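For what it's worth, my numbering labels the leading residue of the sequence shown as 84, then goes sequentially.
Each remark here refers to the structure printed beneath this line.
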Amino acid sequence: MIFSILKSVHIFSVIAWMAGLLYLPRIFMYHSNANIMKETSETFKIMEKKLFSIIMTPALIFTWVSGLSMTHYLGIDTWLIIKFLFVFLLTIYHFICRKWLIDFANDSNKIKPKFFRITNEIPAIFLIAIIILVVFKPF
84 MIFSILKSVH IFSVIAWMAG LLYLPRIFMY HSNANIMKET SETFKIMEKK
134 LFSIIMTPAL IFTWVSGLSM THYLGIDTWL IIKFLFVFLL TIYHFICRKW
184 LIDFANDSNK IKPKFFRITN EIPAIFLIAI IILVVFKPF
């Protein structure tokens, strides 16, 4: 029963966190457009801050806590260690997004929209690897 609760929390948290990791760089892409007006920029700042602080960061915490808690029931195998590596890389990406968010909040972003369009794909690539590891447990 406890394992099922942990697994449910984990799945929900991962979905929420991944949604944020995929959407926030897209907002950054639109926000970095040099032609936007001040009012539009302020709207993007609010969207970015709320997405990051209300959805993404709590989801990150619940993802890690529930995932690590499940290892008590599952044990640790090679595939899981590799999965943790990908989740750790996603966590680093999460905090890189925080740095970009701060740059936008301070009106000091120098990054072009194309960069955000490309980096937007990073979480999706890691997610594919994680899903393959979880489903097939190849190691």
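Each residue gets a CB set at the ideal place from its N, CA and C atoms; glycine is no exception.
None of these values were measured; they are calculated from a predicted model.
Extent of the continuous alpha helix (DSSP H) run through residue i
i	result
Lys90	85 to 114
Phe135	Run containing Phe135: none; DSSP gives neither H nor E here.
Nearest-angstrom Cα separation, counted from residue j out to residue i
i	j	result
Asn118	Pro108	18 Å
Ile214	Lys133	28 Å
Lys197	Phe145	31 Å
Asp160	Trp147	17 Å
Of the listed residues the options, nearest to residue i (C-alpha basis)
i	options	result
Ile175	Thr126, Thr140, Arg200, His114	Thr140
Phe167	Ile110, Ala212, Ala102, Ser115	Ala212
Met112	Thr161, Ile208, Phe199	Phe199
Leu184	Glu125, Ile98, Met101	Glu125
Met130	Ile110, Glu122, Leu143, Lys195	Ile110
Asn116	Glu204, Ile179, His155, Ile194	Ile194
Leu105	Leu216, His114, Pro206, Glu122	Pro206
Phe135	Ile179, Asp190, Val217	Ile179
Met120	Met84, Leu163, Asp190, Ala99	Asp190
Cβ neighbours of residue i in the same chain (closer than 8 Å, five flanking residues each side left out)
i	result
Ser149	Leu89, Lys90, Val92, His93, Ser96
Met153	Phe86, Leu89, Lys90, His93
Residue i beta carbon near the ligand ZN (any heavy atom closer than 6 Å)
i	result
Ala188	By its list of ligands, the structure shown contains no ligand whatsoever, and the ligand ZN lies outside what it can speak to.
Own chain residues within Cβ distance below 6 Å of residue i, not counting five before or after
i	result
Asp186	Asn192
Cβ shell of residue i (< 7 Å), same chain only, five flanking positions each side left out
i	result
Phe209	Phe169, Leu172, Leu173
- In chain order, which alpha helix (DSSP H) runs of at least 4 residues are fully inside the segment 137 to 213? Runs of the alpha helix (DSSP H) lying entirely within the segment 137 to 213, each at least 4 residues long, are 140 to 157, 161 to 188, 196 to 202 in chain order.
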